[in-house]
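Here's the structure we're looking at; comments come further down.
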Amino acid sequence: MTPQDPAPGFGTLLRLRRRAAGLTLEELSERAGVSVRAIGDMERGRSRSPQARTVSSLADALRLDAAERAAFTEAARAGRRRPEESAAGWCPLPPDAPGFTGRDAETTWLLRASPGTPLTVVSGAPGTGKRALAVHTARQAADRYRDGCLFLDLRGLDAAPLPADEALLRLLGAQGVRGRDVPADTEERAALHRALLRDRRTLLVLADAADESQVRPLLPVPGRGAVWVTARRALTGLEHARRLPLGPLSAASAVAMLGALLGSRGTAADAPALAEIAGHCGGLPLALRVAGTRLATRPGPTARDLADRLAARERRLGELRAGDLSVESAFARSYALLDDDRRLLFRRLALAPGPDVDSDLAALLTGLPAHLAEQSLDDLVELGLLVPVRGDRAALPDLLRLFAERRLRAEENPGEIDTVHDRLTGRRPGTDSDARRPNGSP
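Going by full-length UniProt numbering, the final residue of the sequence shown carries number 442, and the count climbs one at a time with no gaps.
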């Protein structure tokens with residue numbers, strides 16, 4: 001069987017395993033305690049619903065290892081499964097995000113990865129819509145993956161991300177492995193997972209990965225399927241991956257997203273205010289989704305009211321909240337995962353005198369040794385909290401700058417902030433340190 005052949009049915013697999021074991025029908029019958037006629041009917045496809053006890057006896061007689069046994073058992077179950085049943089019953093794709101729009105180029109790029117392209121990583125800053133893009137595109141690509149799509153949230157931003165053994169348990173369950181057929185050992189689970197996916201045309205979507213070590217045990221061997229991973233980091237340690245970094249939406253796409261969320265509630269008269277709202281949201285899909293949800297909810301602000309509220313920098317993050325959707329909360333989850341040096345640099349970027357920073361300015365802001373400041377700067381770029389601009393410089397997007405200002409005021413006292421201003425003034429003689437303080441800072 002080549003990687004291009006379809007995965008065999010139970011009858012074909014039984015015949016292949018019997019011949020590989022060097023057994024005749026009669027010899028297998030004697031070993032398994034199953035009649036020659038029953039085995040023959042199964043091999044010819046006349047009997048497609050063997051009992052679990054019969055399948056287990058045949059597997060014992062064929063002396064299959066754990067991975068072979070699981071594939072053998074799943075093939076028998078697939079023969080009994082009703083056509084409308086989904087192999088992805090435990091890991092179905094979630095619904096499309098409301099108002100999804102504006103990612104045509106990225107969607108096309110993902111769809112260009114035909115089955116057999118092993119690994120794609122979609123990365124970006126908090127709120128850029130990585131998961132939404134993956135889910136939306138996976139739904140469009142579903143007909144290319146005849147063995148189904150599996151979706152798993154790896155909870156990479158939680159205090160306790162999903163452990164590999166539990167992730168494998170869920171994925172194996174989605175592929176029909178149950179109960180005593182699931183190995184206890186994580187490596188054996190991973191081996192079984194790879195064996196089951198080897199010849200299947202399946203799309204595996206792994207959302208919100210914490211790091212490379214969480215993803216590696218879940219990757220199948222390159223074959224007929226594909227894996228899409230979303231993460232805030234580019235996961236550069238995963239080799240041979242295609243990478244798609246996500247940035248903000250264009251101004252036109254941002255306005256289109258607001259319009260899609262508003263639906264029939266929007267009017268032509270709202271257009272100028274919607275353009276202002278899109279600008280205040282910085283093209284960030286999460287911020288746009290929150291704003292659109294607020295506008296579409298009645299009673300709620302008009303487009304002009306919300307545009308005016310968002311124009312006030314000190315109110316902007318607070319206004320970008322709707323129920324459990326919150327831009328500030330999304331930023332806070334990423335901030336909480338940083339170590340002390342990275343947090344220090346991130347919040348003090350609010351004191352930077354210009355739109356972007358380099359490693360020398362990072363060292364002045366933090367007081368860290370140059371090599372540590374440079375490493376912290378690089379890490380913030382990799383995590384999507386800073387945007388690379390030119391050369392070795394990086395910029396803090398406006399909404400993230402507002403969040404950095406809030407963290408600075410909450411976590412540092414005026415004396416510490418004055419010390420930073422003194423260092424900056426020493427680097428740039430004759431400048432006014434007060435002018436570089438964030439709005440409302442000491």
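The C-beta atom is built at its ideal place from N, Cα and C for all residues, glycine as well.
Which residues mark the beginning and the end of the beta strand (DSSP E) in which S123 is found?
Reading the sequence shown from its first residue, position 123 is the one you call residue 123. Note, S123: beta strand (DSSP E), 119-124.
Can you give me the Cβ contacts of A167 inside the same chain, cut-off strictly under 7 Å, excluding the 5 residues immediately before and after it?
Position 167 of the sequence shown, counting from 1, holds the residue named residue 167. The residues are L152, L154, L218.
Return helix, strand or coil for R321, following the three-state DSSP convention.
As a first step, residue 321 is located in the sequence shown; it is residue number 321 there, counting from the start. If DSSP states are grouped into helix, strand and coil, R321 belongs with the strands.
Looking at V215 and residue 449, is the spacing between their C-beta atoms short of 8 Å?
The structure shown does not extend to residue 449, since the chain spans only 1 to 442, so no value can be given for it.
Taking DSSP's pairing of strands, which residues face R15 in a bridge?
If you number the sequence shown from 1, residue 15 lands on position 15. According to DSSP, which records beta bridges pairwise, R15 is partnered with nothing at all.
Could you check whether L246 and G292 sit closer than 8 Å to each other, using their CB atoms as the reference points?
By one-based count along the sequence shown, residue 292 stands at place 292. By one-based count along the sequence shown, residue 246 stands at place 246. Their beta carbons are not under 8 Å apart, which means G292 does not touch L246 by this criterion.
How many whole angstroms separate the CB atoms of A234 and G156, which I take to be in contact at a CB cut-off of 8 Å?
Here the question's residue 234 lines up with position 234 in the sequence shown. Here the question's residue 156 lines up with position 156 in the sequence shown. Contact flag wrong, Cβ pair sits at about 13 Å.
Under the rule that 16 or more other beta-carbon atoms within 10 Å means buried, what is D324, buried or exposed?
As a working note, residue 324 is residue 324 in the sequence shown. Looking at its Cβ environment, which holds fewer than 16 other Cβ atoms inside 10 Å, D324 is exposed.
State buried or exposed for A52, treating a residue as buried only when at least 16 other CB atoms are found within 10 Å of its CB.
The residue you call residue 52 lines up with position 52 of the sequence shown. It is exposed - the Cβ of A52 has fewer than 16 other Cβ atoms within 10 Å.
Which two residues bound the contiguous beta strand (DSSP E) that contains L153?
If you number the sequence shown from 1, residue 153 lands on position 153. Per the sequence shown, the amino acid found at residue 153 is Asp instead of Leu. That run of the beta strand (DSSP E) goes 149-153.
Is G102 closer than 8 Å to A256 when the C-beta atoms are compared?
What you label residue 256 is simply residue 256 of the sequence shown in a count that begins at 1. What you label residue 102 is simply residue 102 of the sequence shown in a count that begins at 1. The answer is yes: Cβ separation under 8 Å.
Less than 8 Å between CB atoms is the rule here; does L337 satisfy it with respect to chain B?
In the structure shown, chain B cannot be found, because there is only a single protein chain.
Could you round the C-beta distance between A59 and F72 to whole angstroms and report it? I think they count as a contact, below 8 Å.
Your numbering for residue 59 matches position 59 in the sequence shown. Your numbering for residue 72 matches position 72 in the sequence shown. That belief holds up - the Cβ atoms of A59 and F72 are roughly 5 Å apart, short of 8 Å.
Simplified DSSP state of S213, which is helix, strand or coil:
Start at 1 with the first residue of the sequence shown, and residue 213 comes out as number 213. Helix at S213.
In three-state terms, what does DSSP make of S326?
For the purposes of this step, residue 326 is taken as residue 326 along the sequence shown, with counting starting at 1. Strand.
So, with DSSP's three-state summary, where would you put A231?
By one-based count along the sequence shown, residue 231 stands at place 231. A231 falls in the strand class under three-state DSSP.
Helix, strand or coil: how does DSSP classify P245 here?
The residue labelled residue 245 in the question sits at position 245 within the sequence shown. Note: P245 maps to strand in three-state DSSP.
Note down, in chain order, each residue of its chain lying with its Cβ closer than 6 Å to the Cβ of A275, except the 5 sequence neighbours on either side.
Counted from its first residue, the sequence shown places residue 275 at position 275. If we look at A275 and ignore the five residues flanking it on each side, its Cβ neighbours are V255.
Contact under 8 Å by Cβ, V221 with R180:
Position 221 of the sequence shown, counting from 1, holds the residue named residue 221. Position 180 of the sequence shown, counting from 1, holds the residue named residue 180. The answer is no: Cβ separation not under 8 Å.
Beta-carbon separation of F10 and A76 under 8 Å?
The count along the sequence shown starts at 1 and reaches residue 10 at position 10. The count along the sequence shown starts at 1 and reaches residue 76 at position 76. In contact: F10 and A76 (Cβ atoms closer than 8 Å).
Would P126 and G384 qualify as a contact pair, given that the criterion is a beta-carbon distance under 8 Å?
Taking the sequence shown and counting its residues from 1, one reaches residue 126 at position 126. Taking the sequence shown and counting its residues from 1, one reaches residue 384 at position 384. Yes; because the gap between Cβ atoms is below 8 Å, this pair is in contact.
Runs of alpha helix (DSSP H) wholly within the segment 327-415 (minimum 4 residues, chain order):
327-336, 340-348, 359-366, 370-382, 398-411
Can you say whether P92 is buried or exposed, counting buried as having 16 or more other CB atoms within 10 angstroms of its CB?
The residue you call residue 92 lines up with position 92 of the sequence shown. By the neighbour-count rule (16 or more Cβ atoms within 10 Å), P92 is not buried but exposed.
Can you give me the C-alpha to C-alpha distance between G440 and V227, rounded to a whole angstrom?
Residue mapping note: residue 440 aligns to position 440 of the sequence shown, counting from 1. Residue mapping note: residue 227 aligns to position 227 of the sequence shown, counting from 1. For G440, the pLDDT reaches just 46, beneath the cut-off of 50, and the residue's location in the model is therefore unreliable, although a value from the coordinates is still provided. Computed Cα separation, rounded: 46 Å.
Going by beta-carbon coordinates alone, are G225 and Y335 separated by less than 8 Å?
Indexing the sequence shown from 1 puts residue 225 at position 225. Indexing the sequence shown from 1 puts residue 335 at position 335. Taking 8 Å as the Cβ cut-off, G225 and Y335 do not qualify as a contacting pair.
Can you tell me whether DSSP reads V34 as helix, strand or coil?
The residue you call residue 34 lines up with position 34 of the sequence shown. Coil.
Assign T202 to buried or exposed, taking buried as 16 or more other Cβ atoms, counted over all protein chains shown, within 10 Å of its Cβ.
As a working mapping, residue 202 is identified with position 202 in the sequence shown. With 16 or more other Cβ atoms within 10 Å, it is buried.
DSSP state of L204 mapped onto helix, strand, coil:
Position 204 of the sequence shown, counted from the start, is the residue given in the question as residue 204. Correct three-state label for L204: strand.
Determine the DSSP secondary structure at A226, reduced to helix, strand or coil.
Residue 226 sits at position 226 when you count from the first residue of the sequence shown. DSSP places A226 within a strand segment (E or B) once states are collapsed to three.
Taking 8 Å as the threshold, find out whether the segment 393-410 comes into contact with the segment 347-356 through three or more Cβ pairs.
yes
Classify Q140 as helix, strand or coil using the three-state DSSP reduction.
Numbered from its first residue, the sequence shown carries residue 140 at position 140. If DSSP states are grouped into helix, strand and coil, Q140 belongs with the helices.
Nonlocal neighbours in the same chain, by C-beta distance under 7 Å from L262, ignoring five residues either side:
Translated into positions along the sequence shown, residue 262 becomes position 262. Excluding positions up to five away in sequence, the list reads G292, L295, A296.
Let me know the secondary structure DSSP gives D185 once reduced to three states.
Along the sequence shown, one-based indexing puts residue 185 at 185. Residue state, collapsed to three classes: coil.
Buried versus exposed, by CB contacts within 10 Å (16 or more), R112:
Here residue 112 is taken as the residue at index 112 of the sequence shown, counted from 1. R112 comes out exposed.
With distance defined between alpha-carbon atoms, name the residue in D418, D96, G40 nearest to T366.
The residue labelled residue 366 in the question sits at position 366 within the sequence shown. The candidate whose alpha carbon is nearest that of T366 is D418.
Taking the alpha-carbon positions, what's the R232 to A142 distance?
In the sequence shown, residue 232 corresponds to position 232, counting from 1. In the sequence shown, residue 142 corresponds to position 142, counting from 1. In a straight line, the C-alpha of R232 is about 25 Å away from that of A142.
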